[in-house]
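Take a look at the structure below.
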Amino acid sequence: MHLVVETTYLSHYLSSHTSVLCSPQWDAITEMDEHNRPIHTFQVCHVMEPNQNNWLRTNWIPRQAAQKIYVELRFTLRDCNSIPWVSGTCKETFNLLYFETDEPQGANAHFHPNDYAKIDTIAADESFTQTDLGDRVLRLNTEVREVGPIARKGFYLAFQDVGACIALVSVRVYYKKCPSTLRNLAAFPDTVPRVDSSSLVEVRGACVENAEERDTPRLYCGADGDWLVPLGRCVCSIGYEENDNLCIEQCGRRILPGFYKAFAGNIKCSKCPPHSSSHTEGSAQCHCEKSYYRTSKDPPTMSCTRLPSSPRNLVFNINETALFLEWTPPSDTGGRKDVTYNVFCFRCGADGQACEPCNSNVRFIPRSTGLTSTSVVVQDFVVHANYTFQIEALNGVSGLGRSERQLANITVSTEQAGPSLVGVVRKDWASQTSIALSWQETEQPHAAILDYEIKYYEKEQEQLSYSSTRTKSPSVIVTGLNPSTVYVFHVRARTIAGYSSYSPKFEFATGDESKLPFPGLKTYIDPDTYEDPSQAVHEFAKEIDPSRIRIERVIGAGEFGEVCSGWLRIPGKKEIPVAIKTLKGGYTERQRRDFLRESSIMGQFDNPNIIRLEGVVTKSRPVMIVVEYMENGSLDSFLRKHDGQFTVIQLVGMLRGIASGMMYLSDIGYVHRDLAARNILVDDNLVCKVSDFGLSRVLEDDPEAAYTTTGGKIPIRWTAPEAIAYRKFSSASDAWSYGIVMWEVMSYGERPYWEMSNQDVILSIEEGYRLPAPMGCPVALHQLMLLCWQKERSRRPQFNDVVSFLDKLICNPSSLLTLVEDVNSFPESPEDMPDYPLFISIGDWLDSIKMSQYKNNFIAAGYTTLDSISTMSIDDVRRIGVSLIGHQRRIVSSIQALRLQFLHVQQNGFHV
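Just so we're aligned, residue 1 is where the sequence shown starts under the UniProt record's numbering, counting upward by one.
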C-alpha cells in the first residue's frame with residue numbers, strides 16, 4: 001500500500017528510496033480499520049538495533065503559486081517503555097526535512113541526505129503501548145509545520161527515522177490563499193498571501209458583466225487567506241438590476257410603459273415621476289406632459305414642473321433713505337422650490353409722461369435679479385420723484401415655457417425720503433487712544449445735511465454696548481479709545497426729512513499697526529465661516545493621490561470610521577509613517593463635511609508641538625485624513641503603561657512641549673476646548689503634540705476673548721468653571737485644562753477627581769476644592785497647577801508665561817527637588833492658594849474622597865482626629881490595611897492637602 005500526500009490542488013505518493021539506503025527501511029503496510037476499510041501506512045520499527053537512519057521521501061511536488069507551504073502529519077508512535085528488552089537507542093521522535101529543486105530528479109539519481117534541510121523534529125503528544133495494540137486503540141497524532149519561503153519550482157519532503165516505532169497514516173501538503181470571490185459587484189481572483197504575515201496584498205477587482213466602476217474596487221488579502229478592508233465598488237449599468245451579486249437585465253424584460261431606470265447603480269426600476277410618462281420598455285427617462293418641463297439640471301427622478309404665477313400682495317414702505325418692497329410668493333409655484341424674483345425699476349415723469357428704466361445709480365440690496373427672499377431694499381433713488389416697480393416670479397423652467405410674463409406692479413412717490421447713504425469711510429490717522437475718520441459728503445438736492453452720527457464699539461463687544469458722537473462736517477476724531485484695539489464704525493446722515501441708514505461697517509485699529517495682536521503670525525480662520533465648507537478643505541489641506549498611500553493595518557476606530565497605520569510615499573523622498581483616518585461607507589454629506597472639518601482646522605497649523613496634517617483624500621473613496629504617525633499613542637495610556645519610569649525632568653519636558661503647542665494656538669486666536677492627556681499624542685522621542693480639534697473654536701482677534709456656545713458636551717473634569725456654567729471658552733479656560741493635564745502627567749495618567757461624579761466635581765470646585773499634588777510632585781509644579789485653577793480667569797497664567805516658567809525649571813533642576821510631601825512651611829503667599837474644605841472628623845474626610853470603606857481601618861489603628869493623620873506616610877497607609885495602590889495614592893494626596901491646610905490655618909490665625 002502507499003500513503004497519499006494531499007495538497008490543495010495536488011496529489012502525490014510517498015516512495016521509499018531503497019536504492020540509496022540500507023535495509024531495514026520503511027515498510028508500506030495495509031491494515032483494516034474498525035469499519036473494515038483499508039488504512040495505508042508507512043511504518044518503521046527497528047528499535048532493537050542501534051544507529052538507525054531510515055529515510056522515506058515523497059515524489060517531487062511542484063509549488064505552483066505557493067510561497068509558504070504547510071505540512072500536516074497524522075501518525076502513531078509507540079512508547080519505548082512499553083517495548084520489552086528495548087535498548088537505550090529507542091527514540092520517540094522523527095525528523096521532517098525538505099529539499100528545493102526546479103525539476104524532478106531522475107529515477108536513477110543518487111540520494112544525498114545532506115541536500116535536505118531540517119524543518120523540525122516531530123514528537124508525539126500521544127504514544128501507544130502494547131496494551132493499546134491488543135485493544136486495537138491507536139493514539140493518532142496530528143502535527144502541522146510551515147515551510148517558506150519556497151523559491152524553487154518544487155520540492156521533496158523526507159522523513160528520517162533514527163530509531164523509533166512509527167506509522168505514518170497521512171501527510172497533507174497545502175498552502176493558503178484568499179479564494180476567488182464576488183464583493184460589491186466586483187470579481188476578485190484567487191490570491192496567495194505574502195510570506196510576511198504583517199504585509200497585506202492589495203488586489204483590484206474587475207466589475208462583473210453589465211456593471212461599471214463607481215470607485216476602484218479593492219480587497220486586501222491577509223496572511224491567513226482572509227479578505228480584509230473592502231474598498232470601492234461597482235454598480236449596475238443603466239437597464240440592469242442587482243441580483244445575487246450579478247447585474248441582470250431586468251428593466252428591459254420586465255418593465256411596462258410608465259417605468260424607467262435612468263442611472264447606473266444598484267437600484268430598481270422606478271415608476272415615472274408625476275406629470276411624465278414613458279412609452280418604451282427599458283426607458284432611461286420619462287418625458288414631460290404638455291405644458292410641463294424639466295431642466296437639464298433636474299434629475300430624471302424629479303417631477304415635471306411648470307411656470308409660476310405672478311407674485312402677490314406687493315407693498316412698499318419708505319424709511320428715511322431706504323425704500324422697502326415686500327410681496328408674498330405666487331399662489332402656484334409650478335411645483336418647484338427654486339422660485340426667484342426679478343425687480344424692474346422705472347422712473348416716471350409728471351403729468352402722465354412716459355416711464356423710463358431707472359439709471360444705474362439706483363441700488364438694490366441685496367440685488368435686483370435672482371432674489372430668493374420676498375423683499376428688497378432700494379437705495380440712492382431721487383427724492384421727490386415717481387417710480388414704478390415690477391416684480392417677476394421665475395423658477396427653473398421659466399426659460400422653457402412660451403407663456404406671457406406675469407408681473408406684479410406698484411407705483412411709489414419718494415416725497416418723504418430722507419438723505420442718501422454715506423459712502424466709503426476712511427481712516428486718516430490713529431494714535432494709541434484716537435482715530436481720525438473722513439468720508440465723502442453726501443449730495444442732497446432737496447435738503448441740506450444737518451449733521452452726521454458716528455456709532456462705534458470694540459469689535460469684540462458688538463453685542464454688549466456701543467458709543468456715538470456727532471459732527472457737522474464729513475470728518476471726525478474719535479477719542480478715549482483703548483490702545484491696540486480694533487473698533488467697528490458706522491456713519492449716517494441727517495436732514496430735516498430724517499436719518500439715512502447706517503453705512504456698512506468699517507474696521508480700524510488704534511495705535512501702530514505693527515503693535516496689533518499676532519504680529520507676523522497668520523490668524524486662524526474658522527472653516528464654519530465659509531459658505532461652502534469644502535472650500536476651506538481645499539484651501540488649507542493638500543489633496544493626496546491615494547496611490548501614494550499604503551495601508552498596513554487597522555489600529556483603532558474613530559467617530560467616523562477606522563483608523564489605520566501605513567506609509568505615505570512623497571515624490572523624491574523616502575516613505576514616511578502616517579496614521580490614516582477613514583470615513584466609513586454609507587455616510588451623509590453632513591457626516592462627510594464634519595469629518596473633513598478637522599482637516600481644514602489642522603491644515604492651518606504649523607508647529608512642532610501640534611499634530612501635522614499631511615493631506616486628505618476627497619476625490620475617491622474612502623475619504624481619508626492623513627496625519628503624521630505618533631508611535632507611542634495617546635499620552636494618558638502611555639503614562640499608565642510606563643508608570644514611574646521617567647524622571648521629573650522628562651515629565652517637565654513633556655509638559656513644556658504641550659504648553660508650547662498651546663501657546664502657538666493661543667497666539668493665532670484659537671481655543672482648543674478639549675485639552676486633556678487623552679488628546680495629546682507622543683512620538684518615539686517623547687515629543688508631545690496637541691491633537692483632536694473636534695471641539696475647538698476660533699477667537700477672531702483677541703486670544704483672551706471668550707467663545708460662547710449654545711450646546712454640545714463638555715468634558716467636566718478638564719473644564720474651567722465659567723465654561724461649565726456659562727459655556728464661555730477662552731485661552732484662560734484652556735489654561736485651566738492645562739493644569740489638569742499637568743496633574744495627569746505627574747500622577748502617570750490617574751483619572752482626575754478619581755471616582756467622584758461630575759456633579760460632585762462641579763460642586764467641589766465651586767466650594768474651593770482643588771486637586772492635591774500627586775505623589776512625588778515638586779512644589780513648583782503644584783503651585784503652577786493651582787495658578788491655572790484660579791477661579792478668576794484673568795488671574796490664570798498665559799501660555800507664554802507657562803513656557804517661560806517651565807524653561808526656568810528645566811535650566812535649574814534643583815528647583816524640582818522639593819516635593820509637596822516633604823514641605824515643612826507654607827509658600828510665601830498663602831492667600832494665593834485656594835481654600836481647601838475643612839472637615840470635622842475622619843469620617844467626613846474619608847467620605848469626601850470616596851474612601852469611606854476604610855473608616856474602621858483608621859479608627860482601629862488609633863487615628864481618630866484630623867491632625868493625627870497629618871503626618872502619615874504611604875507606608876503608614878499600607879500598614880493600616882489599604883492595599884490598592886490607587887487608593888493609597890488618593891489618601892496620601894489628600895493628607896498632603898490637609899497638611900498644607902493646617903499650615904495655612906496656623907499662619908493666618910484661623911481655627912478648624
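A virtual CB, placed ideally from N, CA and C, is assigned to each residue, including glycine.
- I391 sits close to L314, with the two beta carbons spaced by under 8 Å.
- In summary, T30 is exposed, with fewer than 16 beta-carbon neighbours lying within 10 Å of its beta-carbon over all protein chains present.
- The residue from I885, I891 and R879 with its alpha-carbon nearest to that of D847 is I891.
- Nearest neighbour of N359 by Cα position, chosen from L371, S373, A28 and Q379, turns out to be Q379.
- Here the stretch 624-642 makes no contact with the stretch 718-732; the two share fewer than three CB pairs at distances below 8 Å.
- The C-beta distance from M746 to P774 rounds to 5 Å, short enough to meet the 8 Å contact threshold.
- H887 and R879 have their C-alpha atoms some 13 Å from each other.
- I119 and L182 have their C-alpha atoms spaced approximately 37 Å apart.
- Between V382 and R492, the C-beta spacing is not below 8 Å.
- A residue is called buried when at least 16 other Cβ atoms come within 10 angstroms of its Cβ; D667 meets this threshold and is buried.
- Ranked by how close their Cα comes to the Cα of V687, the residues I580, A211 and G657 have G657 in first place.
- In the structure shown, R183 falls within a strand segment according to DSSP collapsed to helix, strand and coil.
- Per DSSP, reduced to three states, the secondary structure at P608 is coil, with no helix or strand assignment.
- If you compare the alpha carbons of D161, F489 and A124 with that of V144, the shortest gap goes to A124.
- The continuous alpha helix (DSSP H) containing S737 extends over residues S731 to M746.
- Under the DSSP definition of a beta bridge, F344 partners with Q390.
- Annotated as distal: S733 and R795, with beta-carbon spacing of 8 Å or more.
- The criterion of a C-beta distance shorter than 8 Å is satisfied by L200 and C221.
- Closest in alpha carbon position to A677, among I714, D643, G615 and Y748, is Y748.
- Assignment of G615 by DSSP, reduced to helix, strand and coil, places it in the strand class.
- In the three-state reduction of the DSSP assignment, V362 falls in the coil class, being assigned neither a helical nor a strand state.
- In the DSSP assignment, A536 falls within the unbroken alpha helix (DSSP H) covering P533 to F540.
- Only residues of its own chain outside the window of five on either side were considered, and among them R152 and F155 have a CB closer than 6 Å to the CB of E100, listed in chain order.
- Taken in chain order, the unbroken stretches of alpha helix (DSSP H) that lie wholly in the stretch 210-280 and span 4 residues or more are 251-254.
- Excluding sequence positions up to five before and after N141, its CB lies within less than 6 Å of the CB of F75, A124, D125 and E126, all in the same chain and listed in chain order.
- Scanning F94, Q650, P778 and P772 for the CA closest to the CA of I740 turns up P772.
- V578 is positioned such that its CB atom lies closer than 8 Å to that of E628.
- Of the candidates G669, V476, S373 and L73, V476 places its Cα closest to the Cα of W429.
- Where A493 is concerned, the enclosing beta strand (DSSP E) starts and stops at V486 to T495.
- For a cut-off of 8 Å, the C-beta gap from E458 to T485 is around 6 Å, short enough to register as a contact.
- According to the DSSP assignment, W845 belongs to the alpha helix (DSSP H) that extends over I842 to S848.
- In this structure, the CA atom of E631 is about 23 Å from the CA atom of W743.
- Taking V162 as reference, the option from G334, V779 and C45 with the minimal CA-CA separation is C45.
- With the rule of 3 Cβ pairs closer than 8 Å, the stretch 543-551 counts as touching the stretch 565-579.
- Annotated three-state conformation of M756 is coil, per DSSP.
- When only Cα atoms are considered, I318 and S413 end up about 9 Å apart.
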